[in-house]
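J.:
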Amino acid sequence: MKYVSTRSESQAVTASQAIIRGIAPDGGLYVPDSIPAVDLDFIRGLCGMDYRSRAAAVLGLYLEEFTGEELAAIAAASYGDNFDCPEAAPLHILDGDTAYLELWHGPTSAFKDMALQIMPRLLTASLRKNGEKRTVSILVATSGDTGKAALEGFRDVPGTRIMVFYPRDGVSQVQKLQMATQEGSNVNVVAVEGNFDDAQTGVKRIFADQDFANVLDGRGYFLSSANSINWGRLAPQIAYYFSAYCDWVNAGRVRLGEPVDMCVPTGNFGDILAGWCAKRMGLPVGRLICASNENNVLTDFISTGVYDKNRPFHLTSSPSMDILVSSNLERLLYCLTGDGQKVGGYMRQLSGQGKYAVDESLRQAVQAEFTGGFCTDGQCREQIARLWQEHGYLADTHTAVASRVLADIRRREGQSRPTVVVSTASPFKFGGAVLQALGVVTDETGPALVDELSAFTGMAAPRPLSGLGKKAVRFEKWVSTAEMEQAVSEFLA
Ligand SMILES: *Cc1c(COP(=O)(O)O)cnc(C)c1O
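Pasting the structure below:
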């Protein structure tokens, strides 16, 4: 299996090369030249395995240069004690037709851990396979969740360094503390004056500086990124769709082979694209429900075939979905058409005019597999309260968006099909919004909200969040965007 660019102008590469490069030289994203197919016997086999073995089995179909033993060892190390339950991605069965796939039992309490706990190991193994001797230095600009998850994933991984930039006034207090207290001997965290775009632009400028790359090369370093367009982040996410299906079969609710819908709270389209890959491989998935918050650019795209980011940007209570350019959609468009020229054209229109319209057959192909929907912050809060009152189930704001969109679809259709709702964050990570939804008035801020939510619900908070207020702050430095490169240079001296 080779990996090709969605814009077809770059050479095909191996899986390990795709993971090392992240993005293709022509600006496209890497996708496998064919999606591997599995049958029900394969899925029956997975049903008898634990999460790490399921992950290794699914990854093995995409990463042919890795041996089964190698992937088993990598998966075991990635989904072990660092998760707060042995299942790693447990399925919480809510009622006869609804189950919540909880992807937030890892060290940073959000679903990014499912990929970022394993991706550093895939990356370092890929570097070895390609004879790379230099130390890889990961640079990340983050609006919150990704930075912390990447820090936890790369901390103390031999042969790596990681530096995270976050906007000084653009992340929540909990998110800031999570990063400022980061442990590990190969990590660094710096705040940047400005907003997320300023931090992101600064990082892109550093990546593009060839003279600086040469200086670092002389010191034995090269720069790379860990963002969600890297195939090494996407591939591990395919496994949990299989895992959820198997758990529901094992629970006796779903017959092996019976289709199940998947409802996914979506921002950058990475999570739901992994679900689509699982379906294309042969997992019995009915439709994929793409749930958005008020930044509903994808809802409109799915219903009209027009992608238009020229619209107001809303700051919502589900901030990890506050995105107007969903990068991984490019992968879907390529996989549905196999036409890199066409996809490259759409992407040029998107960066030029902020807008493109797919042709009629592509629109129909998208609609055949995806249903879009969105809800407002008010509806999201209502749903958190409803889930808590009717089921005693506590959902975070992102999960509640998906839950609400599903509820609206079921009401409209007057029936319900078995559906897995993908739950992407611990409610304690967004404690302020969850408390508000539950009608609790509080003056507390930051980490104290974690304890307050715990006291109100009688539920224990994830340990890394409840201990946050007591941890020593290690990183307090902040710089202007002009000083970012100097900060990297000092870190990689
Ligand atoms: C990143 C994130 C999402 C969105 O996932 P995408 O892969 O970007 O679509 C949803 N919820 C939470 C909590 C996240 O951190």
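In case it helps, the working numbering puts the sequence shown at residues 657 to 1149. Idealized CB from N, CA, C, for every residue including glycine. Given the structure is predicted, the values throughout are model-derived calculations rather than measurements.
#1: On a CA-only basis, which of 897, 999, 942, 922 is nearest residue 683? Give me that one, please.
#2: For residue 1127, which three-state DSSP category applies?
#3: Express the C-alpha separation of residue 1133 and residue 776 in angstroms, rounding to a whole number.
#4: Who are the Cβ neighbours of residue 711 in its own chain at under 6 angstroms, not counting the five residues just before and after it?
#5: Please check the pair residue 941 and residue 921, which I expect to be a contact at CB under 8 angstroms, by giving their CB distance rounded to whole angstroms.
#6: So, do the region 898-907 and the region 693-702 have three or more beta carbon pairs nearer to each other than 8 angstroms?
#7: Under 8 angstroms, with one C-beta from each stretch per pair, do the region 716-733 and the region 664-680 reach the 3-pair mark?
#8: Mind pulling the alpha helix (DSSP H) runs of 4 or more residues that sit fully within the region 738-767?
#9: So, is residue 970 buried or exposed, given that buried needs 16 or more other C-beta atoms within 10 angstroms?
#10: Could you say which of 947, 1043, 964 lies nearest to residue 1061 if we only look at CA atoms?
#11: Kindly indicate which residue of 1142, 745, 765 has the alpha-carbon position closest to the one of residue 758.
#12: Am I right that residue 936 and residue 691 are in contact with their C-beta atoms under 8 angstroms? What's the rounded C-beta distance?
#13: Is residue 1072 a contact residue of ligand 1, with contact defined as CB to any heavy atom under 8 angstroms?
#14: Closer than 8 angstroms is the cut-off here; do at least three beta carbon pairs connect the region 839-850 with the region 1125-1145?
#15: In the structure shown, what three-state DSSP assignment does residue 679 receive?
#16: What residues match up with residue 1029 in a beta bridge as DSSP calls it?
#17: Alpha carbon to alpha carbon, what distance is there between residue 1083 and residue 1041?
#18: So, with DSSP's three-state summary, where would you put residue 692?
#19: Check whether the Cβ of residue 959 lies closer than 8 angstroms to any heavy atom of ligand 1, and answer yes or no.
#20: Run through DSSP, which three-state label would residue 916 get?
#21: Would the C-beta of residue 802 count as close to ligand 1, meaning under 8 angstroms from any of its heavy atoms?
#22: On the CB-based measure, 16 or more other CB atoms within 10 Å of its CB, does residue 801 come out buried or exposed?
#23: Could you say which of 695, 1047, 1096, 779 lies nearest to residue 879 if we only look at CA atoms?
#24: Please report how far the alpha carbon of residue 1035 lies from the alpha carbon of residue 1057, in whole angstroms.
#25: Go ahead and label residue 695 buried or exposed: buried means 16 or more other beta carbons lie within 10 angstroms of its beta carbon, across all protein chains shown.
T.: Here's the rundown:
#1: In the sequence shown, counting from the first residue as 1, residue 683 sits at position 27. The shortest Cα separation from residue 683 among 897, 999, 942, 922 belongs to 999.
#2: On the sequence shown, residue 1127 is found 471 positions in, with the first residue counted as 1. Here residue 1127 sits in coil by DSSP.
#3: Taking the first residue of the sequence shown as 1, we reach residue 776 at position 120. Taking the first residue of the sequence shown as 1, we reach residue 1133 at position 477. Roughly 25 angstroms separates the two Cα atoms.
#4: If you number the sequence shown from 1, residue 711 lands on position 55. So the qualifying residues of the chain are 731, 895.
#5: Stepping through the sequence shown from its first residue, residue 941 is reached at position 285. Stepping through the sequence shown from its first residue, residue 921 is reached at position 265. The pair is not a contact, with the Cβ atoms about 17 angstroms apart (cut-off 8 angstroms).
#6: yes
#7: yes
#8: none
#9: Here residue 970 refers to the residue found at position 314 of the sequence shown. Residue 970 should be labelled exposed.
#10: On the sequence shown, residue 1061 is found 405 positions in, with the first residue counted as 1. Comparing Cα positions, the closest option is 947.
#11: Here residue 758 is taken as the residue at index 102 of the sequence shown, counted from 1. That would be 745, whose Cα lies nearest to the Cα of residue 758.
#12: Along the sequence shown, read from residue 1 onward, the residue named residue 936 stands at position 280. Along the sequence shown, read from residue 1 onward, the residue named residue 691 stands at position 35. Rounded, the Cβ-Cβ distance is 5 angstroms, consistent with contact.
#13: By 1-based counting over the sequence shown, the position of residue 1072 is 416. Not so, every heavy atom of ligand 1 lies at least 8 angstroms from the Cβ.
#14: yes
#15: For the purposes of this step, residue 679 is identified with residue 23 of the sequence shown, where counting begins at 1. Residue state, collapsed to three classes: strand.
#16: Here residue 1029 is taken as the residue at index 373 of the sequence shown, counted from 1. Partner(s): 947.
#17: If you number the sequence shown from 1, residue 1041 lands on position 385. If you number the sequence shown from 1, residue 1083 lands on position 427. Whole-angstrom Cα-Cα distance: 12 angstroms.
#18: What you label residue 692 is simply residue 36 of the sequence shown in a count that begins at 1. Here residue 692 sits in coil by DSSP.
#19: By 1-based counting over the sequence shown, the position of residue 959 is 303. Every heavy atom of ligand 1 is 8 angstroms or more from the Cβ of residue 959, so no.
#20: Along the sequence shown, one-based indexing puts residue 916 at 260. Here residue 916 sits in strand by DSSP.
#21: For the purposes of this step, residue 802 is taken as the residue at position 146 of the sequence shown. Residue 802 Cβ: within cutoff of ligand 1.
#22: Position 145 of the sequence shown, counting from 1, holds the residue named residue 801. It counts as buried.
#23: Counting from one through the sequence shown, the residue named residue 879 turns up at place 223. When each option's Cα is compared against that of residue 879, the closest is 779.
#24: If you number the sequence shown from 1, residue 1035 lands on position 379. If you number the sequence shown from 1, residue 1057 lands on position 401. Distance between the alpha carbons of residue 1035 and residue 1057 is about 8 angstroms.
#25: By 1-based counting over the sequence shown, the position of residue 695 is 39. Classification of residue 695: exposed, given that the 10 Å Cβ count is below 16.
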